[in-house]
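Residue numbering for the sequence shown follows the numbering used here, beginning at 1 and increasing consecutively.
Below is one structure, written out as structure tokens, with a few remarks after it.
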Amino acid sequence: MKNSQRRTFRNIVLGFLGSGFILSASSSIAISGELTVYAAIDADKVKNLAEMFKADHPDIKVNWVRDSTGIIHSRMMAEKDNPRADAVIGMAATSMLTMDSLGMFLPYTPKGVENLDKKYRDTQQPNHWVGLYGWAGAICFNTVEAKKLGLPAPKSWEDLLNPIYKGQITMPNPASSGTGFLDVSAWIQIMGEEAAWSYMDKLHENIASYTHSGSKPCNQAAAGEYVVGVSWPYRGSKLKQKGAPIEVIVPSEGIGWEMQAAAIMNGTKNIEDAKIFLDWSISDKTLEFYSKTASVVAKPELAKPMPGVDSKRVMEAMITQDFGAMAVKKDAIVSKWRSRYEAKSEPKKK
1 MKNSQRRTFR NIVLGFLGSG FILSASSSIA ISGELTVYAA IDADKVKNLA EMFKADHPDI
61 KVNWVRDSTG IIHSRMMAEK DNPRADAVIG MAATSMLTMD SLGMFLPYTP KGVENLDKKY
121 RDTQQPNHWV GLYGWAGAIC FNTVEAKKLG LPAPKSWEDL LNPIYKGQIT MPNPASSGTG
181 FLDVSAWIQI MGEEAAWSYM DKLHENIASY THSGSKPCNQ AAAGEYVVGV SWPYRGSKLK
241 QKGAPIEVIV PSEGIGWEMQ AAAIMNGTKN IEDAKIFLDW SISDKTLEFY SKTASVVAKP
301 ELAKPMPGVD SKRVMEAMIT QDFGAMAVKK DAIVSKWRSR YEAKSEPKKK
């Protein structure tokens, strides 16, 4: 399609309501000359990406639809036979592999993929998806509130089982949040299945609430609502830079991590623009943006340290992640988790 025939990019109102959606599902039907992109990325980062893409490709209109990993995944699965999105960005690799096995992605090898670290590249030719960056688990700890309550800083996942933390811990629900699932999957890989479920049974006793966002536990810790938030390093770094009295703790046993990826949806009517979007998603400029917030990026040489976080320690603590195995087991793990612990999950916003 010629540029003159394309509509000018119109940025969707970035209200970032609690539900996280920038655009309602009813208005996300593909139109010639437009792209609808589902983004399982923090709201503030989606706003930046929207501005960057507009600057680089002002002739392509993009409707951004944002929410947490679990909610975007559920939406995409519900729309499997009639996809409303043209592309997806920031989706967890474990979810991507499940959807790819169902034929939901259009095969396309983006330009520049050969320059990425091999673990971020799909082995299928042509590629069905491409890795962008990774994020890891961590603990956000409010030092001021802890001092008031006489609580020591935890050094390990095991420490969180201490009864002194009862009612002072929040963590993400793995059914809704990719961060929540990477924690649960890490515990299973570190401890073994039986020990991990025993651990989660005991941890549940100390949990105040399970959230539907990976960032929210850290936000809650920063605000002093709770002392401990099981979250991820970047959120802690950002809040700490804003003056929040928190420390970002990397548990001694190791931390789970997840790769976020992008793909073109099978059935898109806007293949040309979708390919341009996927090429752009792994450009150096875009990868450099990811590097400001991610634990690791598809081009390791572009990685940047996070202020207020021991980035070296984060890298060292990241376990060897078996994404394929976790993708296969994910539904069963999440179902078992929900049957045991969902009673403490916060209500979902409508």
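In this text, a Cβ means the ideal position worked out from N, Cα and C, and glycines have one as well.
Please read these numbers as outputs of a predicted model, since none were measured by experiment.
For residue 58, the number of other beta carbons within 10 angstroms of its own is below 16, and it is reported as exposed. Restricting attention to alpha helix (DSSP H) runs no shorter than 4 residues, the region 295-334 encloses them at 311-317, ordered along the chain. In the same chain as residue 341, and ignoring 5 residues on each side of it, the C-beta atoms closer than 6 Å to its own belong to 204, in chain order. Annotated three-state conformation of residue 341 is helix, per DSSP. Boundaries cannot be given for residue 176, as no alpha helix (DSSP H) includes it and DSSP labels it neither H nor E. Between residue 319 and residue 308, the alpha-carbon positions lie close to 22 Å from each other. Secondary structure at residue 203: helix, using DSSP grouped into helix, strand and coil.
Residue pairing by DSSP puts residue 65 in a beta bridge opposite 38. Taken through DSSP and simplified to helix, strand or coil, residue 256 comes out as coil.
Contact between residue 85 and residue 36 holds: CB atoms are separated by about 5 Å, below the 8 Å threshold. Between residue 244 and residue 120, the C-beta gap is not smaller than 8 Å, which leaves the two residues out of contact. If only uninterrupted beta strand (DSSP E) runs of at least 3 residues are considered, those enclosed by the region 50-135 are 61-66 and 87-92. Residue 178 sits close to residue 214, with the two beta carbons spaced by under 8 Å. Check the Cα spacing between residue 260 and each of 48, 160, 294 and 314: the tightest is with 294. By alpha-carbon distance to residue 302, the top candidate from 134, 176 and 165 is 134. Under a 10 Å Cβ-count criterion, residue 321 is classified as buried, with 16 or more other Cβ atoms of the shown protein chains found around its own Cβ. Of the residues assessed, residue 145 falls on the buried side of the cut-off, its CB having 16 or more other CB atoms within 10 angstroms. Shortest Cα-Cα distance from residue 282 to any of 191, 106 and 114 involves 114. Going by DSSP, residue 281 is part of the alpha helix (DSSP H) stretching over 271-281. A Cβ-Cβ separation of about 7 Å places residue 104 in contact with residue 265 under the 8 Å criterion. Between residue 176 and residue 69, the alpha-carbon positions lie close to 7 Å from each other. For a cut-off of 8 Å, the C-beta gap from residue 183 to residue 230 is around 6 Å, short enough to register as a contact. For residue 272, the closest C-alpha among the options 313, 60 and 235 is that of 60. Counting only runs of 3+ residues, the beta strand (DSSP E) found wholly inside the region 225-256 occupies 228-231 and 246-249, in chain order. For the set 48, 333 and 239, the Cα lying nearest the Cα of residue 194 is the one of 333. Cβ-Cβ distances below 7 Å link residue 221 to 140, 141, 142, 227, 228, 229 and 246 in the same chain, with the five nearest sequence neighbours on each side left out; the list follows chain order. If you check the CB distance, residue 338 and residue 250 do not come in under 8 Å. For residue 142, the enclosing beta strand (DSSP E) has its first and last residue at 138-142.
Counting only the Cα atoms, residue 285 lies some 18 Å from residue 263.
Look at residue 209 here: in three-state DSSP terms it is strand. Here DSSP, grouped into helix, strand and coil, assigns residue 261 to strand. Only residues of its own chain outside the window of five on either side were considered, and among them 205 and 206 have a CB closer than 8 Å to the CB of residue 166, listed in chain order. Annotation: residue 151 to residue 164 spans about 7 Å, alpha carbon to alpha carbon. Of 198, 233, 78 and 81, the smallest CA-CA separation from residue 158 is found for 198.
Restricting attention to 77, 65, 137 and 108, the CA atom closest to the CA of residue 296 is found in 137. Counting along the chain, the unbroken alpha helix (DSSP H) around residue 219 starts and ends at 216-222.
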